[in-house]
Structures are given as structure tokens and as C-alpha cells.
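Student: Residue numbers (the numbering used here): 2 to 478.
Handing you a structure now.
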Amino acid sequence: MTRSAGSGAPCDAAGAGARGALRLHARNAARASTTPATIAQRHLAPDGGIGAPACRILAEQAMDVLLPEPHTPGLHTLALDRFLFGTAHSTTVECMRSSDPAPTALDRHLGRVFGDNDPTGFGSGWVAGVGSLLGGALGFFAVLCFHFPQLLTAPVLRSRYPVPLLRGALQAVLIASVLLGLFNVARRRRKVLGLTGIFLAVAAMALGGAAVPLPDSVDTKFGLGVEWFAINLLVLALVFVPLERALPHRREQRVFRPEWTTDGAHFLISHLLVQAFSWAALFPSRLVRDTLIPARDFALLGSLPLPVQFLAVLALADLTQYWIHRCFHRLPFLWRLHAVHHSSMAMDWLAGSRMHPLDALATRAGVMTVVVLAGASPSAVALYLAFVSFHAVFIHANFGAGLEWLDPCLVTPRYHHFHHATETEAIDKNFAVHLPVLDRMFGTQFLPETRWPRAYGVSDGPVARTYLAQIIDPFRK
Ligand SMILES: [Zn+2]
Ligand SMILES: [Zn+2]
């Protein structure tokens, strides 16, 4: 599937038409030279290593699985070329975005309630106010989780938490919220951030704070993952906001950039529904393991040392993810779902949360089925999941530190940003999310030496900008 300018971006129609005509001309010229020899030459790995022949065999086998309907050899070759070399769905008009999109209605509403026109630099009280509000809100939700664990915490995670550590963290967050709130109140003319943060923190303390007792056991089968949301938001914000402020790729991009509320809604809902997502994502692997294959056949990876298992799981998972990801780019309905992820026009640690639930579910279910079938131990799977939950956020971050030395072996922010880029050469490239070697093997790598993409987004019709519309719209087109 092709991508270019961001949805809703200002675009000079005449200029776009001229560029589109040029691009179509280039595509037609490329199609005219698609003999087997030129195709092979075009897709050989630049280093002369594993290239088109080996990859083509792998890809043919993958196609047999992915597109199993009856076909003649000719049709098979045509379908394979379309799948591999991206000649399908190709009438893109390219237009470069000149500025970030306008804020959504919810962005503007929250800006009116909590924002002001005063400076936001360090020491101005702005950062303290945001920290106070965030800490107060998360602390308040955490105390509610201690009061109502049967409703607000996820059964799949309950027994795994280090509760004494969480109580200590909650106490620290509540105290910090009050102190930061006081600093905000002292430094800023508009004090709504600090006062709200203090109010929420004091309310949480009045409800028992970190000392609320927990029942000996909680037996509900379904509960919202409020605690999962609060823990993840706190940890990720504490890690990535300072990282992005200290070493940004785009220095002018703010934390609360346009559409941040849309990505925040994706983050919130996907964490609240962690129980249902986990169940659905693991269902196919459980089905296969419990019904189709005898238990004794599951020992392929489990006997290896944990570090080796982890690397094997990482490679298997990314290989599986790679082909599922390519399907989402090539098949029209799947692309409508996946376009939601690509519609972010500003990349940062929160942008990676923007993903249609069915997109996330299909990928996780496929990956987990392969990992379970390979016989990985629970420890190796847990290690892999911990790595993914950090790395998937990292590769979307607005983090501009020089990591070129890492590019050959691990996907970096610059590498994945090119997967989201609008420029012609980057379209349908960089499908791997952990191991760049996969893109080198299958001829889909695009990584200029040092520069970053100029713009991000999609072009196949505008993508909705609010959460609910992004969930529903793929089924209406
Ligand atoms: Zn993609
Ligand atoms: Zn992405």
C-alpha cells in the first residue's frame, strides 16, 4: 500500500498534481523494465549477500501460506511481484506537509481548561504543574485500585505485582504531586494545573493513600487494567519525556502536540482492556497447543539457555511480525486498519500507541502462536514481552541521539521513522520492528546515511483524527 502526505494537511493542489504526474511516470518506467533479470538485479542485497533468489524462495513459501487460493504459475508470479515489489494500489499523489496538523477539538478543549500563554520553560512552573496533575490523577486512580481491585485491576496481572514496592511508589507520587503543585501555584499566574494536582493527591490521601489494605484474594475473571495503565503511563512518561526533551530529533515539537489526545485515548483504552486483549491474543496459540499438537512436541527452544532463547524468540517473533506487517500494507482491508497507525503526523513516544485494536490483535496473536509453537519457556516469553513493551515505544520516540552505530543490528527511532515517512523511496520499507537484517534479507530496507524523514503520514484518503472515528472508519469505506 502506498503512503504519502498526512491526512488533512494543507496541500498545494497544482504542485501536488505535477509531482503526482512525475511519480506516475516514474512508476510506469519502472514497470516497463520488470524482466526477471532486472527484478533480481534491483532487489539484490547491496552487500551482495543473501538477496533476491533466496528471499524469493522464502517469499514464495510465505505466499503459499498467505494467499492459498488456486492459481496458475503466471498468476502466482504476478501476485508475488505485486506483493514483493509494491506495484499494486499505486496511484499516489504526493504532497509534502508544510506544518503540523491543527489541534483536534479535544486538544483545544484541554488547552483552554489547563493552558495559558505564559512561558513553559524549565522553572516557569509549567512542568511542575503538568507533573502535579499527572501524579495526582494517577495516584487517585491507584488508590481506587486498592479499594476496588476486583473491578479495576486485571486478573492476568494481579498476582505478579510487587505490592510493597507499588505502595512505596504511590506514597512518593502523592507527596511529589503536592510539592510540584505548590511550586506551580507559586510560579504561575494561572494556577489550575497545580491546584487540580494538589486536590487529587489530597483526595487520594484522604481515601487511605498507600495504606489501603488489600483482600487476601481477588477472584473476578474480568477487571479493567486501571493499575496497568497508571504504572505504564508513569514509567514511560518518566523515561521518555526527559529523553525527548534532552535529545530531540525535532526540537520544536511539543509534548502536547496536535492529536496528542487521540494517541492518549489509544494508550488508555488498550491498557484498560489488557485482560481481553491478552485473552484474545493468546487464544490461537492455546488452541493450537492444546488441540492440534501433543504436549510432548513442545521442547524445541525450552531447553536452551535463557539468553539464547530470548534471541531466538526475538528473531522468530520479528520474522512473523514482518510478514503480517507486509500483509497489512498490501491487502486493502488490512491497510485500512493499519493506516490508523501510519496516520500520525508527529512522531513521539505516545504516537506508537495509535493502532487499531484488530491490527494489534492480529499481530500479537500471530507472533504468540509462533513463539508458543517453538516451545519457548515462560521466562523467555516474559523477557521478550518486557523488551517489546519498551522497544516499541522507543522506536517511535522523538529521540535524535546519534544511534547510527546501532542501525545494522537493532531498529532505532530513525529507522522506524522512515517506515512512517511520506517520501516516495520510503514507502513500504522498513517493516522489521526489531531486527533490520529482515529488511536487508527481503529487499525492503531504506535508511539514508544520517538524515531523518521530512514528514510523516498517509495518503490513501484521509484518516480520521479522533479515537472513535479511527476505530469505526475502516469498516465504513
Ligand atoms: Zn506499517
Ligand atoms: Zn510504527
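For each residue, glycine too, the CB sits at the ideal point set by N, CA and C.
In this text the structure is predicted, and so the values were computed from the model without any measurement.
Could you check if Asp461 is buried or exposed, using at least 16 other CB atoms within 10 Å of its CB as the buried criterion?
Tutor: Your numbering for residue 461 matches position 460 in the sequence shown. The residue in question, Asp461, is buried, as its Cβ has 16 or more Cβ neighbours within 10 Å.
Student: Any heavy atom of ligand 1 inside 7 Å of the beta-carbon of His339?
Tutor: Residue numbering aside, residue 339 sits at position 338 when the sequence shown is read from its first letter. Indeed, a heavy atom of ligand 1 lies less than 7 Å from the Cβ.
Student: Examine ligand 1 and report whether any of its heavy atoms sits within less than 7 Å of the Cβ of His343.
Tutor: Residue mapping note: residue 343 aligns to position 342 of the sequence shown, counting from 1. It does: the Cβ of His343 is within 7 Å (strictly closer) of some heavy atom of ligand 1.
Student: Counting only runs that start and end within the region 223–305, where is the alpha helix (DSSP H) found for 4 or more residues in a row?
Tutor: Counting only runs of 4 or more, we get 227–247, 261–273 and 275–288.
Student: Tell me whether Ala422 sits in a helix, a strand or coil according to DSSP, three-state version.
Tutor: The residue labelled residue 422 in the question sits at position 421 within the sequence shown. Strand.
Student: Among Ile396, His397, Arg365 and Val394, whose alpha-carbon lies nearest the alpha-carbon of Val382?
Tutor: One-based indexing of the sequence shown puts residue 382 at position 381. Closest by alpha carbon: Arg365.
Student: Taking Lys222 as the reference, which of Ala266, Phe268 and Ala277 has the closest Cα?
Tutor: Stepping through the sequence shown from its first residue, residue 222 is reached at position 221. Per the Cα distances, Ala277.
Student: At 4 residues or longer, what runs of the alpha helix (DSSP H) sit wholly inside the region 146–174?
Tutor: Counting only runs of 4 or more, we get 150–153 and 156–159.
Student: If I measure Cβ to Cβ from Phe230 and keep anything under 7 Å in the same chain, skipping five residues before and after, which residues do I get?
Tutor: As a first step, residue 230 must be located in the sequence shown, where it is residue number 229. Correct list, in chain order: Leu269, His272 and Leu273.
Student: Thinking Gly224 and Ala155 are a contact (beta carbons under 8 Å), I'd like their distance in whole angstroms, please.
Tutor: Translated into positions along the sequence shown, residue 224 becomes position 223. Translated into positions along the sequence shown, residue 155 becomes position 154. Yes, they are in contact, since the Cβ atoms of Gly224 and Ala155 sit about 6 Å apart, within 8 Å.
Student: Based on the DSSP output, what are the partners of Tyr385 in its beta bridges?
Tutor: Translated into the one-based positions of the sequence shown, residue 385 becomes position 384. DSSP output for Tyr385 lists no bridge partner at all.
Student: Taking only the alpha-carbon atoms, compute the straight-line gap between Val314 and Leu436 and give it to the nearest angstrom.
Tutor: Position 313 of the sequence shown, counted from the first residue, corresponds to residue 314. Position 435 of the sequence shown, counted from the first residue, corresponds to residue 436. If you take the alpha carbons of Val314 and Leu436, they lie about 12 Å apart.
Student: Run the CB neighbour count on Cys410, radius 10 Å, all protein chains shown included, and call it buried at 16 or more, exposed below.
Tutor: Numbered from 1 along the sequence shown, position 409 holds the residue referred to as residue 410. Its Cβ having fewer than 16 others within 10 Å, Cys410 is exposed.
Student: For Phe395, which residues in the same chain have their Cβ closer than 7 Å to its Cβ, ignoring the five residues on either side in sequence?
Tutor: Working through the sequence shown from its first residue, we reach residue 395 at position 394. So the qualifying residues of the chain are Pro414.
Student: If you draw a straight line from the alpha carbon of Pro454 to that of Ala422, how long is it in whole angstroms?
Tutor: For this step, residue 454 is matched to residue 453 along the sequence shown. For this step, residue 422 is matched to residue 421 along the sequence shown. Each residue's Cα considered, the two are about 6 Å apart.
Student: Which same chain residues, not among the five before or five after His356, have their C-beta less than 7 Å away from its C-beta?
Tutor: What you label residue 356 is simply residue 355 of the sequence shown in a count that begins at 1. For clarity, residue 356 is Met in the given sequence; the question names His instead. Excluding residues within five positions, the ones whose Cβ falls inside 7 Å are His267, Val341 and His342.
Student: Which residues in the same chain as Phe447 place their Cβ atom closer than 7 Å to its Cβ, once the five residues preceding and following it in sequence are excluded?
Tutor: Counting from one through the sequence shown, the residue named residue 447 turns up at place 446. So the list reads Phe419, Glu426, Ala427, Lys430 and Asn431, once near-sequence residues are dropped.
Student: Which same chain residues, not among the five before or five after Arg168, have their C-beta less than 8 Å away from its C-beta?
Tutor: Taking the first residue of the sequence shown as 1, we reach residue 168 at position 167. So the list reads Ala211 and Ala212, once near-sequence residues are dropped.
Student: Spatial neighbours of Asp119 within its chain, please: CB distance less than 8 Å, with the 5 preceding and 5 following residues excluded, ordered by chain position.
Tutor: Taking the sequence shown and counting its residues from 1, the one referred to as residue 119 is at position 118. Cβ within range, chain order: Ser125, Trp127, Arg189, Arg190 and Arg191.
Student: Whose CA, out of Asp220, Ala363 and Ala143, lies closest to the CA of Leu208?
Tutor: For this step, residue 208 is matched to residue 207 along the sequence shown. Of Asp220, Ala363 and Ala143, the residue nearest in Cα terms is Ala143.
Student: Taking DSSP's pairing of strands, which residues face Tyr457 in a bridge?
Tutor: Locating residue 457 in the sequence shown gives position 456, counting from the first residue. In DSSP, Tyr457 forms a bridge with Ala422.
Student: In chain order, which continuous runs of the alpha helix (DSSP H) of length 4 or greater are located wholly inside the region 333–358?
Tutor: Taking only runs of at least 4 residues, the alpha helix (DSSP H) segments lying wholly in the region 333–358 are 333–343.
Student: Judging by CA-CA distance, which residue of Ala170, Trp324 and Asp474 is the nearest neighbour of Asn233?
Tutor: Position 232 of the sequence shown, counted from the first residue, corresponds to residue 233. Among Ala170, Trp324 and Asp474, the Cα nearest to that of Asn233 belongs to Ala170.
Student: Would DSSP call Gly403 helix, strand or coil?
Tutor: Mapped onto the sequence shown, residue 403 falls at position 402. The answer is coil: DSSP assigns Gly403 none of H, G, I, E or B.
Student: Taking 7 Å as the cut-off, does the CB of His250 come closer than this to any heavy atom belonging to ligand 1?
Tutor: On the sequence shown, position 249 is the one that residue 250 refers to. No; taking the cut-off as 7 Å, the Cβ of His250 has no heavy atom of ligand 1 nearer than that.
Student: Using only CA atoms, which one of Gly140, His339 and Ala398 lies nearest to Pro249?
Tutor: What you label residue 249 is simply residue 248 of the sequence shown in a count that begins at 1. Among Gly140, His339 and Ala398, the Cα nearest to that of Pro249 is on Ala398.
Student: Quick one: using the 10 Å Cβ neighbour count with 16 as the cut-off for buried, is Leu201 buried or exposed?
Tutor: For the purposes of this step, residue 201 is identified with residue 200 of the sequence shown, where counting begins at 1. Buried is the call here.
Student: Taking only the alpha-carbon atoms, compute the straight-line gap between Met348 and Thr292 and give it to the nearest angstrom.
Tutor: Taking the sequence shown and counting its residues from 1, the one referred to as residue 348 is at position 347. Taking the sequence shown and counting its residues from 1, the one referred to as residue 292 is at position 291. Those two C-alpha atoms are separated by around 42 Å.
Student: Going along the chain, which residues of its own chain have a beta-carbon closer than 8 Å to the beta-carbon of Trp110, five neighbours each way excluded?
Tutor: For the purposes of this step, residue 110 is identified with residue 109 of the sequence shown, where counting begins at 1. As written in the sequence, residue 110 is His, which differs from the Trp given in the question. Here the set comprises nothing.
Student: Return the CA-CA distance between Val131 and Phe443, expressed in angstroms with no decimal places.
Tutor: Here residue 131 corresponds to residue number 130 of the sequence shown, with the count starting at 1. Here residue 443 corresponds to residue number 442 of the sequence shown, with the count starting at 1. Rounded to the nearest angstrom, the two C-alpha atoms are 45 Å apart.
Student: Could you pull the start and end residues of the alpha helix (DSSP H) that Pro308 belongs to?
Tutor: Counting from 1 along the sequence shown, the entry for residue 308 is found at position 307. Per DSSP, Pro308 belongs to the alpha helix (DSSP H) from Leu307 to Arg331.
Student: Could you check whether the Cβ of His420 sits closer than 7 Å to any heavy atom belonging to ligand 1?
Tutor: Residue mapping note: residue 420 aligns to position 419 of the sequence shown, counting from 1. Yes - ligand 1 has a heavy atom lying nearer than 7 Å to the Cβ of His420.
Student: Please say whether Thr445 and Thr105 have beta carbons closer to each other than 8 Å?
Tutor: Numbered from its first residue, the sequence shown carries residue 105 at position 104. Numbered from its first residue, the sequence shown carries residue 445 at position 444. Not closer than 8 Å, so no.
Student: Would the beta-carbon of Leu134 fall within 8 Å of that of Leu194?
Tutor: If you number the sequence shown from 1, residue 134 lands on position 133. If you number the sequence shown from 1, residue 194 lands on position 193. Closer than 8 Å, so yes.
Student: Work out the CA separation of Pro259 and Asp108 for me, nearest whole Å.
Tutor: As a position in the sequence shown, residue 108 is number 107, starting the count at 1. As a position in the sequence shown, residue 259 is number 258, starting the count at 1. One C-alpha to the other measures close to 7 Å.
Student: Measure from the alpha carbon of Ile199 to the alpha carbon of each residue in Ser160, Phe241 and Phe141, then state which is nearest.
Tutor: Within the sequence shown, the letter at position 198 stands for residue 199. Minimum Cα distance to Ile199 is reached at Phe141.
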